[in-house]
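2 protein chains.
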Amino acid sequence: MQAENNLYQQRISDIQRKLSDFKINGLVLLNIINIKYLSGFTGSDGALIICPDRLCLLVDGRYTTQAALEVPNIPAIEYKNKIEGIGQAIKDLGLKHIGFEAACMSVDMYNQLIKLLDDEVFINVSEDLRYLRAFKNQTEIALMKKAAIISSAAISALISDIKTGCTERELALQLEIYARRGGADQLAFEAIVAAGENSALPHAKPTDRKIKKGDFIVIDFGVKYKGYCSDETCTFAFGELTDQQKNAYQTVKQAHDDAIAAIRADIAASDIDNCARSVFGEKYGHYFTHGTGHGVGLEVHEAPRLAPDSKDVLEEKMVVTVEPGIYIPGLWGVRIEDTILVKENSCEIFTKMDKDLIIIN
Amino acid sequence: MQAENNLYQQRISDIQRKLSDFKINGLVLLNIINIKYLSGFTGSDGALIICPDRLCLLVDGRYTTQAALEVPNIPAIEYKNKIEGIGQAIKDLGLKHIGFEAACMSVDMYNQLIKLLDDEVFINVSEDLRYLRAFKNQTEIALMKKAAIISSAAISALISDIKTGCTERELALQLEIYARRGGADQLAFEAIVAAGENSALPHAKPTDRKIKKGDFIVIDFGVKYKGYCSDETCTFAFGELTDQQKNAYQTVKQAHDDAIAAIRADIAASDIDNCARSVFGEKYGHYFTHGTGHGVGLEVHEAPRLAPDSKDVLEEKMVVTVEPGIYIPGLWGVRIEDTILVKENSCEIFTKMDKDLIIIN
Chain A
1 MQAENNLYQQ
11 RISDIQRKLS
21 DFKINGLVLL
31 NIINIKYLSG
41 FTGSDGALII
51 CPDRLCLLVD
61 GRYTTQAALE
71 VPNIPAIEYK
81 NKIEGIGQAI
91 KDLGLKHIGF
101 EAACMSVDMY
111 NQLIKLLDDE
121 VFINVSEDLR
131 YLRAFKNQTE
141 IALMKKAAII
151 SSAAISALIS
161 DIKTGCTERE
171 LALQLEIYAR
181 RGGADQLAFE
191 AIVAAGENSA
201 LPHAKPTDRK
211 IKKGDFIVID
221 FGVKYKGYCS
231 DETCTFAFGE
241 LTDQQKNAYQ
251 TVKQAHDDAI
261 AAIRADIAAS
271 DIDNCARSVF
281 GEKYGHYFTH
291 GTGHGVGLEV
301 HEAPRLAPDS
311 KDVLEEKMVV
321 TVEPGIYIPG
331 LWGVRIEDTI
341 LVKENSCEIF
351 TKMDKDLIII
361 N
Chain B
362 MQAENNLYQQ
372 RISDIQRKLS
382 DFKINGLVLL
392 NIINIKYLSG
402 FTGSDGALII
412 CPDRLCLLVD
422 GRYTTQAALE
432 VPNIPAIEYK
442 NKIEGIGQAI
452 KDLGLKHIGF
462 EAACMSVDMY
472 NQLIKLLDDE
482 VFINVSEDLR
492 YLRAFKNQTE
502 IALMKKAAII
512 SSAAISALIS
522 DIKTGCTERE
532 LALQLEIYAR
542 RGGADQLAFE
552 AIVAAGENSA
562 LPHAKPTDRK
572 IKKGDFIVID
582 FGVKYKGYCS
592 DETCTFAFGE
602 LTDQQKNAYQ
612 TVKQAHDDAI
622 AAIRADIAAS
632 DIDNCARSVF
642 GEKYGHYFTH
652 GTGHGVGLEV
662 HEAPRLAPDS
672 KDVLEEKMVV
682 TVEPGIYIPG
692 LWGVRIEDTI
702 LVKENSCEIF
712 TKMDKDLIII
722 N
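Chains as they are written, first to last, in my numbering: chain A, 1 to 361; chain B, 362 to 722.
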């Protein structure tokens with residue numbers, strides 16, 4: 001607990017030192033995951049105000065006791081109405097140039113807030129905070145490795161449960177049971193178990209469709225372990241595949257492998273995306289309908305972004321996914337995904353399932 | 362499918378007829394649950410534009426195939442960048458007075474969007490849409506009853522698993538297994554299973570704390586069934602309670618019963634809150650730290666809101682929760698919650714667990 005508190009104090013000190021660079025004398029944070037990262041507070045709602053010499057956590061009545069337990073070093077103020085609570089705190093703290101995350105404040109909240117204030121000025125610092133959580137320390141890396149081990153073990157255990165006639169929904173539940181009995185706090189997102197024509201939907205939800213021979217089964221799965229997410233996708237063959245399916249699988253595998261082989265510090269995220277995308281060529285390019293990957297951490301999707309239009313550059317200690325896919329509408333889809341730590345001249349794969357084609361009979 | 366499509370068309374027609382009242386010639390919807398309600402699209406991101414005589418669903422590449430399957434009657438446009446996609450659609454449709462949900466658009470998105478446009482004007486219609494989903498039809502009521510039956514059955518089944526030494530986390534997992542094997546699509550929210558001192562935290566997360574004699578065990582649980590949520594809280598006694606605990610339980614039960622007894626059409630939501638709150642009096646009032654309830658539907662929290670400062674009035678066909686509680690920091694907490702349909706002169710409780718004190722030995 002003391003080590004954790006020191007970590008949070010360090011993170012907040014780092015922000016406090018930057019306030020003058022941002023030309024603000026206080027920062028109103030609304031992104032609840034940023035608040036968790038900086039303070040340890042795990043509630044679902046609240047606001048954290050960071051001034052050069054003062055801090056204040058604003059919570060509603062559901063979280064007053066929890067805030068005192070989780071964040072003993074930051075005074076908590078209970079609000080009845082969030083916007084009024086923030087407005088009052090801004091006045092009490094005498095903030096004039098207020099940093100805020102414009103990507104996390106609604107237009108409605110902003111309009112109501114400025115009505116409560118006088119000549120205070122809001123300054124968007126969303127971009128300045130873009131990499132707040134992007135660089136993982138040793139503790140975070142250890143937790144993310146553990147999360148990856150738990151989810152890979154669950155996927156591995158599930159293989160023997162995949163039989164003709166069982167449904168996507170049953171498999172998704174069994175997968176979650178393995179993961180939670182294996183130590184996961186909860187899932188990082190609702191598991192995707194998509195078979196046959198459903199695997200052509202990148203974000204399918206498990207249905208009552210039964211598994212049958214010739215199916216691709218896409219399993220996109222992640223867990224949270226002590227707050228940190230894993231993210232992995234396996235595509236299994238159930239029975240024999242057509243040559244076209246086999247070719248698609250090998251193409252996705254090649255795109256996945258090429259992209260991972262290119263990962264190291266100081267490479268543009270868009271270059272990694274291009275490594276994967278160029279493998280698809282004219283034959284499959286049209287069927288790869290999303291970006292190649294994304295950062296992972298306290299959230300399953302966070303900075304950086306691996307996509308054609310990304311301006312991010314990969315740096316040491318970032319953790320990202322690589323997840324190329326091919327989706328043939330109405331027929332089938334393939335996706336292969338690992339979670340990867342960026343190192344100076346290479347990378348390290350956290351997820352544990354081998355990505356060579358597994359045929360389940 | 363045809364009946365569903367007719368329902369969506371009806372809902373959209375209702376909105377289209379109101380566009381001129383809102384003084385807009387097009388509505389850009391961003392709230393993904395409102396989009397689901399109006400179109401049937403179940404993706405996690407997108408935008409729906411409603412004009413008097415045209416409709417357009419904007420999605421990213423992950424959802425192109427899914428949108429065509431789920432929403433056959435509305436043309437879908439795939440965007441690479443959401444804001445640019447919306448800006449282009451606004452221009453192509455010739456919208457000048459654009460309704461939007463200011464509570465669902467970030468300041469950042471708004472600022473980027475207006476840079477792409479010329480003299481178009483945005484008009485906030487969040488309040489006009491406040492009750493969009495509040496009145497449930499017969500189909501919705503049937504689904505919500507089924508969701509309530511599934512979650513009550515899961516809680517009931519869990520009772521025999523509650524033993525000395527088992528953890529909150531194990532019980533939460535077992536509860537989810539019962540619910541999903543009982544037909545739930547997924548949980549409506551992460552289950553709260555909070556024992557002893559953890560039950561004093563209204564929004565506790567399950568931990569490795571072991572159940573022991575003298576504990577209150579608060580179980581706040583809901584499932585989704587075909588998209589619709591249930592929400593129910595039981596507080597069980599594990600072994601004998603102190604007189605103070607018994608008194609607190611009976612007080613919460615009284616507050617719960619009194620509030621429910623008062624529910625009917627045309628009563629102010631704040632009056633229902635007051636029915637519960639007045640039972641707590643000086644002795645417990647300070648320990649009831651949240652509102653009395655909230656609407657439920659496609660989201661577990663939606664309009665109306667049952668709280669002291671609520672301006673909502675309950676109307677027939679609304680579905681709401683009543684969930685008073687007492688939380689003594691560091692010691693224990695009690696909460697009792699049902700989900701209830703508002704009727705003309707009365708109400709109907711959907712949730713099935715009896716709320717008299719159950720002592721588990």
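For glycine and all other residues, C-beta sits at the position ideal for the given N, C-alpha and C.
Buried/exposed call for residue i, threshold 16 Cβ in 10 Å
i: A408(B); result: buried
i: N31(A); result: buried
i: G281(A); result: exposed
i: E431(B); result: buried
i: Q138(A); result: exposed
i: I720(B); result: exposed
i: T289(A); result: buried
i: I15(A); result: buried
i: G654(B); result: buried
i: S39(A); result: buried
i: S346(A); result: exposed
i: D215(A); result: buried
i: Q427(B); result: buried
i: E240(A); result: exposed
Reference residue i, options the options, closest by Cα
i: D338(A); options: Q16(A), V322(A), I90(A), K163(A); result: V322(A)
i: I710(B); options: K716(B), D717(B), I701(B); result: I701(B)
i: A429(B); options: D215(A), V342(A), G330(A), L55(A); result: G330(A)
i: I396(B); options: D414(B), P413(B), R494(B); result: R494(B)
i: S591(B); options: P563(B), N722(B), V661(B), K524(B); result: V661(B)
i: M714(B); options: Y492(B), G455(B), D421(B), I511(B); result: I511(B)
i: I385(B); options: A622(B), N635(B), I451(B); result: I451(B)
i: V613(B); options: Y648(B), D627(B), Y440(B), L562(B); result: Y648(B)
i: A153(A); options: R181(A), T289(A), K205(A); result: R181(A)
i: T235(A); options: K317(A), S199(A), K18(A); result: S199(A)
i: S160(A); options: L175(A), A148(A), A147(A), D21(A); result: L175(A)
i: S639(B); options: G656(B), A549(B), H617(B); result: H617(B)
i: D489(B); options: F402(B), S381(B), L718(B); result: S381(B)
Rounded C-alpha distance that separates residue i from residue j
i: M1(A); j: V695(B); result: 28 Å
i: E445(B); j: L477(B); result: 8 Å
i: A533(B); j: I336(A); result: 31 Å
i: E457(B); j: V482(B); result: Looking at the sequence provided, one finds Lys at residue 457(B) rather than Glu. If you take the alpha carbons of K457(B) and V482(B), they lie about 6 Å apart.
i: A142(A); j: C166(A); result: 35 Å
i: C56(A); j: A565(B); result: 22 Å
i: K283(A); j: N434(B); result: 30 Å
i: M54(A); j: Q9(A); result: Position check: residue 54(A) holds Arg in this sequence, whereas Met was assumed. Rounded to whole angstroms, R54(A) to Q9(A) spans 12 Å at the Cα level.
i: G422(B); j: I328(A); result: 13 Å
i: D453(B); j: N274(A); result: 31 Å
Segment limits, beta strand (DSSP E) that includes residue i
i: Y225(A); result: 223-225
i: V695(B); result: 693-696
i: Y110(A); result: No beta strand (DSSP E) holds Y110(A); the alpha helix (DSSP H) holding it covers 107-116.
i: I24(A); result: Taken as a continuous stretch (DSSP letters only), I24(A) belongs to no beta strand (DSSP E), as it is neither H nor E.
Rounded Cβ spacing between residue i and residue j (contact assumed at less than 8 Å)
i: K136(A); j: G297(A); result: 6 Å
i: A518(B); j: V584(B); result: With a Cβ gap of about 13 Å, A518(B) and V584(B) do not count as contacting.
i: V420(B); j: F461(B); result: Contact doesn't hold; Cβ gap of about 18 Å is too wide.
i: A630(B); j: P665(B); result: 5 Å
i: E168(A); j: A195(A); result: 6 Å
i: A626(B); j: E676(B); result: 5 Å
i: I687(B); j: A622(B); result: Their Cβ separation, rounded to whole angstroms, is 19 Å, which puts I687(B) and A622(B) out of contact at 8 Å.
i: E551(B); j: Q186(A); result: 6 Å
i: K163(A); j: I211(A); result: 7 Å
Unbroken alpha helix (DSSP H) run spanning residue i, endpoints
i: I90(A); result: 82-92
i: T426(B); result: 425-431
i: E140(A); result: 138-158
i: G642(B); result: 630-645
i: A364(B); result: 363-379
i: N247(A); result: 243-262
i: E439(B); result: Per DSSP, E439(B) belongs to no alpha helix (DSSP H); it is in the beta strand (DSSP E), 437-439.
i: A408(B); result: First-last for A408(B): 408-411, but that is the beta strand (DSSP E), not the alpha helix (DSSP H).
Residue-chain proximity (residue i, chain E), Cβ-Cβ < 8 Å
i: L201(A); result: Of the chains in the structure shown, none is chain E; the protein chains are A and B.
Near the ligand SAH: residue i beta-carbon under 7 Å from a heavy atom
i: E302(A); result: As presented, the structure is devoid of all ligands, the ligand SAH included, so that no description of it is given.
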